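Undergrad: Protein chains in written order, with the working numbering: chain A, 7 to 302; chain B, 770 to 1059.
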């Protein structure tokens, strides 16, 4: 941890130079950029599908994965991906009945999450109470990223975006109107499972770097803001990615010049933006809220 | 087992916290607000950290933050009822605030690297003093009684808010009141038994009860019963197996109950043809509010 804070000179050019002097900062910016693009795009679908609870649960499941891998002496990445993949399977199992059983679904997701946390706690206590990594896992070690991690992250992100591009149309269709999509022959259950796996992969890839918490913030808030502003899929997706990028960059920049953590700044910026946009659209559109749906 | 004082304290606090969580959890599940309950337990976590960072009594921060946020969530009304995106956005910010307070707290008091945070997250039901246990039990009893006092109108307004409003029930006020009761239990349970146990005891028994019966009162009793039974069996298990943390054991039992209930509900649906109008266990009792 830096004991002395960098001074802000209010000269954008020299400030930017100062930001990029240290390799750890460059790598943090690179990783943040990759995470923001991936989270912005996948998060848009997550918000459209109203799966924020599932997304949060997946990000929590990263914790028992890491703890279990540490206990078994396996590489951490294996734990993250394994646990998140299993979590996605479990979630798709419990959320099988799309419309009916809405309340049962929320109970089932909560149960999955609590059980995963319980397992994580068991692993940690079996390991001998070494909880030092827990805080890093939850809140991220953004400023300790290696170049190798950035490269892995880039490949995962490219794969995820490619998968999203393939999945995009049926996913959009079945998210907006599941019944019609099913009638039109879209395998909605398979699409839902594929999306959950994609979400799990994104969470697992970023958990080690940004922390489970930050990735959730980047998944949900920029996308929610974008969907407040436009209901059209193309511009909405682009806006979501741009907002995620903006809050990540600005958050990293402010965090560099302040004593407070990156996670705080990124979540605060994105939440502030969300509230501002909500208030703005509310004032402009009157009391009626806009419903996200297919473009007219 | 009960010869040890820490076990007696754990049973005292655990029984009543479980009862409170089970009763409230039934409504939480009925109203599809598990995510909100989860968020509130993290609000409690953040509030506790904020109080610790500011150097004031942790309980003050805990209750103040949780009740405040719960009031806000309730005031958003039924529109926020199933809107998990709103909760998710607030949630993400609360987690970010938690990161802030944790960093202030850790840098302020050297050497205590986040163990307080871990304690709040996972609790330590076996480390309660008799005073802590009594307080936890008392808060849980008060919350349970408050819930039972408004149970009838709350049930009505949860199942069919439109009709309830038409009959002159204060649906909105009931929603806020319910949130405040939930916050009370969340705050107390989080610091006594940990956020982990809270979430598990809110979601799993209520979910199991909803799967097993469509009758509201029976479901409410069943949910409370499953929660208390999970707590007792879990505590006994973790006493027998020392390497098994009590939180994990209780959650494990509650999760098993939920899985069993789901299997049972599925079997029942396969086996018997549902009577028209009676509804299968999986069917929502209330018409989905759009």
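Where a beta carbon is used, it is the ideal one built from N, C-alpha and C, also for glycine.
Given the structure is predicted, the values throughout are model-derived calculations rather than measurements.
Quick one: which chain A residues come within Cβ less than 8 angstroms of residue 934 of chain B?
TA: For this step, residue 934 of chain B is matched to residue 165 along the second chain. Ordered by position in chain A, no residue passes the 8 angstroms Cβ test against residue 934 of chain B, which lies about 18 angstroms from the chain.
Undergrad: Which residues in the same chain as residue 273 of chain A place their Cβ atom closer than 6 angstroms to its Cβ, once the five residues preceding and following it in sequence are excluded?
TA: Residue numbering aside, residue 273 of chain A sits at position 267 when the first chain is read from its first letter. 223.
Undergrad: Could you name the residues of the stretch 220 to 236 of chain A whose beta carbon sits closer than 9 angstroms to any beta carbon of chain B, in the order they occur along the chain?
TA: Taking 9 angstroms as the Cβ-Cβ cut-off against chain B, the residues of the stretch 220 to 236 of chain A that qualify are 220, 222, 223, 224, 225, 226, 227, 229, 230, 231, 233.
Undergrad: At the 8 angstroms Cβ level, is residue 42 of chain A part of the contact set with chain B, yes or no?
TA: Taking the first chain and counting its residues from 1, one reaches residue 42 of chain A at position 36. For residue 42 of chain A, the answer is no, since every Cβ of chain B falls outside 8 angstroms of its Cβ.
Undergrad: Using only the alpha-carbon positions, how far apart do residue 123 of chain A and residue 290 of chain A sit?
TA: As a first step, residue 123 of chain A must be located in the first chain, where it is residue number 117. As a first step, residue 290 of chain A must be located in the first chain, where it is residue number 284. Cα-Cα distance, rounded: 43 angstroms.
Undergrad: Residue range of the alpha helix (DSSP H) that residue 821 of chain B falls in?
TA: The residue labelled residue 821 of chain B in the question sits at position 52 within the second chain. Run containing residue 821 of chain B: 803 to 823, per the alpha helix (DSSP H) assignment.
Undergrad: Starting from residue 86 of chain A, trace the alpha helix (DSSP H) both ways and give me its first and last residue.
TA: Position 80 of the first chain, counted from the first residue, corresponds to residue 86 of chain A. That run of the alpha helix (DSSP H) goes 82 to 100.
Undergrad: What in chain B is Cβ-close to residue 29 of chain A, meaning under 9 angstroms?
TA: Reading the first chain from its first residue, position 23 is the one you call residue 29 of chain A. Correct list: empty, because the minimum Cβ distance to chain B is about 23 angstroms.
Undergrad: May I ask you to report which of helix, strand or coil DSSP gives residue 155 of chain A?
TA: Residue mapping note: residue 155 of chain A aligns to position 149 of the first chain, counting from 1. In the structure shown, residue 155 of chain A sits in a helix (DSSP, three-state: H, G or I).
Undergrad: Ignore the nearest five residues each way along the sequence and tell me which others in residue 82 of chain A's own chain have a CB closer than 8 angstroms to its CB.
TA: Residue mapping note: residue 82 of chain A aligns to position 76 of the first chain, counting from 1. Counting only Cβ-Cβ distances below 8 angstroms, and skipping sequence neighbours, we find 72, 75, 76, 214.
Undergrad: With distance defined between alpha-carbon atoms, name the residue in A:168, A:38, A:182, A:207 nearest to residue 93 of chain A.
TA: Here residue 93 of chain A refers to the residue found at position 87 when the first chain is read from its first residue. That would be A:207, whose Cα lies nearest to the Cα of residue 93 of chain A.
Undergrad: Please check the pair residue 831 of chain B and residue 992 of chain B, which I expect to be a contact at CB under 8 angstroms, by giving their CB distance rounded to whole angstroms.
TA: Along the second chain, read from residue 1 onward, the residue named residue 831 of chain B stands at position 62. Along the second chain, read from residue 1 onward, the residue named residue 992 of chain B stands at position 223. Rounded, the Cβ-Cβ distance is 25 angstroms, inconsistent with contact.
Undergrad: Compare the Cα-Cα distances from residue 180 of chain A to each of A:245, A:111, A:52 and report the closest residue.
TA: Residue 180 of chain A sits at position 174 when you count from the first residue of the first chain. Nearest option by C-alpha distance: A:52.
Undergrad: Return no unless some Cβ of chain A is closer than 8 angstroms to the Cβ of residue 862 of chain B.
TA: Indexing the second chain from 1 puts residue 862 of chain B at position 93. With 8 angstroms as the cut-off, residue 862 of chain B counts as an interface residue toward chain A.
Undergrad: Evaluate residue 175 of chain A with the Cβ neighbour count: other Cβ atoms within 10 Å of its Cβ, from every protein chain shown; 16 or more gives buried, anything less gives exposed.
TA: Position 169 of the first chain, counted from the first residue, corresponds to residue 175 of chain A. Per the 10 Å Cβ criterion, exposed.
Undergrad: Who are the near neighbours of residue 926 of chain B in its chain, counting only those whose CB is closer than 7 angstroms to its CB and skipping five residues on each side?
TA: Within the second chain, the letter at position 157 stands for residue 926 of chain B. These residues qualify, in order along the chain: 933, 938, 940, 943.
Undergrad: Using a Cβ cut-off of 8 angstroms (strictly closer), state whether residue 1024 of chain B contacts chain A.
TA: For the purposes of this step, residue 1024 of chain B is taken as residue 255 along the second chain, with counting starting at 1. It does: the Cβ of residue 1024 of chain B has a partner Cβ on chain A nearer than 8 angstroms.
Undergrad: Quick one: does the C-beta of residue 27 of chain A sit closer than 7 angstroms to a heavy atom of the ligand GDP?
TA: Only the bare structure without any ligand can be found here, which leaves the ligand GDP out of the picture.
Undergrad: Are the C-beta of residue 992 of chain B and some C-beta of chain A separated by less than 8 angstroms?
TA: Taking the second chain and counting its residues from 1, the one referred to as residue 992 of chain B is at position 223. No, no contact with chain A.
Undergrad: Buried or exposed: where does residue 23 of chain A fall if 16 or more other Cβ atoms within 10 Å of its Cβ makes it buried?
TA: Taking the first residue of the first chain as position 1, residue 23 of chain A is located at position 17. So residue 23 of chain A ends up on the exposed side.
Undergrad: Interface residues of chain B around residue 188 of chain A at Cβ under 9 angstroms?
TA: By 1-based counting over the first chain, the position of residue 188 of chain A is 182. Chain B residues near residue 188 of chain A: none, gap ~18 angstroms exceeds 9 angstroms.
Undergrad: Quick check: the Cα distance between residue 231 of chain A and residue 56 of chain A, rounded to an integer number of angstroms?
TA: If you number the first chain from 1, residue 231 of chain A lands on position 225. If you number the first chain from 1, residue 56 of chain A lands on position 50. Spanning the two alpha carbons is a distance of roughly 14 angstroms.
Undergrad: Anything in the stretch 147 to 175 of chain A with a Cβ closer than 9 angstroms to a Cβ of chain B? List those residues in chain order, please.
TA: The stretch 147 to 175 of chain A vs chain B, Cβ under 9 angstroms: nothing.
Undergrad: Do you know whose CA, among B:834, B:1015, B:1028, B:897, lies nearest residue 961 of chain B's CA?
TA: Translated into the one-based positions of the second chain, residue 961 of chain B becomes position 192. That would be B:897, whose Cα lies nearest to the Cα of residue 961 of chain B.
Undergrad: Return the chain-ordered list of same chain residues with a C-beta closer than 7 angstroms to the C-beta of residue 817 of chain B, the five sequence neighbours on each side being excluded.
TA: As a position in the second chain, residue 817 of chain B is number 48, starting the count at 1. Once the five neighbours on either side are set aside, the close Cβ partners of residue 817 of chain B are 827, 830, 831, 889, 960.
Undergrad: Can you find a C-beta in chain A that's less than 8 angstroms from the C-beta of residue 1017 of chain B?
TA: Here residue 1017 of chain B refers to the residue found at position 248 when the second chain is read from its first residue. Taking Cβ atoms only, chain A reaches closer than 8 angstroms to residue 1017 of chain B, which makes this a yes.
Undergrad: Name, going along the chain, the residues of the stretch 72 to 83 of chain A whose beta-carbon falls closer than 8 angstroms to a beta-carbon of chain B.
TA: The stretch 72 to 83 of chain A vs chain B, Cβ under 8 angstroms: nothing.
Undergrad: Thinking just about the alpha-carbon of each residue, which of B:859, B:780, B:946, B:986 is nearest to the one in residue 811 of chain B?
TA: Position 42 of the second chain, counted from the first residue, corresponds to residue 811 of chain B. Residue B:859 is the option with its Cα nearest to residue 811 of chain B.
Undergrad: In the DSSP assignment, find the unbroken alpha helix (DSSP H) run with residue 915 of chain B in it and report its ends.
TA: Looking up residue 915 of chain B in the second chain gives position 146. It spans 899 to 928 - the alpha helix (DSSP H) in which residue 915 of chain B sits, taken as one unbroken run.
Undergrad: Kindly list, in the order they appear in chain B, the residues whose Cβ is closer than 8 angstroms to that of residue 184 of chain A.
TA: Indexing the first chain from 1 puts residue 184 of chain A at position 178. Going along chain B, no residue has its Cβ under 8 angstroms from residue 184 of chain A, so there is no contact; the nearest lies around 13 angstroms.
Undergrad: Just curious, the alpha helix (DSSP H) that residue 262 of chain A is in, first and last residue?
TA: By 1-based counting over the first chain, the position of residue 262 of chain A is 256. 239 to 263 is the span of the alpha helix (DSSP H), which, as asked, contains residue 262 of chain A.
Undergrad: Can you tell me which of the three DSSP states residue 183 of chain A falls into?
TA: For the purposes of this step, residue 183 of chain A is identified with residue 177 of the first chain, where counting begins at 1. Of the three classes helix, strand and coil, the one that applies to residue 183 of chain A here is coil, per DSSP.
Undergrad: Which chain B residues are close to residue 53 of chain A, counting only those with a beta carbon under 7 angstroms from its beta carbon?
TA: Residue numbering aside, residue 53 of chain A sits at position 47 when the first chain is read from its first letter. Chain B residues near residue 53 of chain A: 854.
Undergrad: Would you be able to state if there are at least three C-beta pairs under 8 angstroms between the stretch 987 to 1005 of chain B and the stretch 864 to 876 of chain B?
TA: Result no; under three Cβ-Cβ pairs closer than 8 angstroms.
Undergrad: With 8 angstroms set as the bound, which would you pick, yes or no: does the beta-carbon of residue 1014 of chain B sit closer than that to a beta-carbon of chain A?
TA: For the purposes of this step, residue 1014 of chain B is identified with residue 245 of the second chain, where counting begins at 1. Yes, residue 1014 of chain B lies at the interface with chain A (some Cβ there is under 8 angstroms from its Cβ).
Undergrad: Determine, using beta-carbon pairs with one atom in the stretch 188 to 197 of chain A and one in the stretch 225 to 245 of chain A, whether at least three such pairs fall under 8 angstroms.
TA: Touching, no, given that fewer than three Cβ pairs across the two stretches are closer than 8 angstroms.
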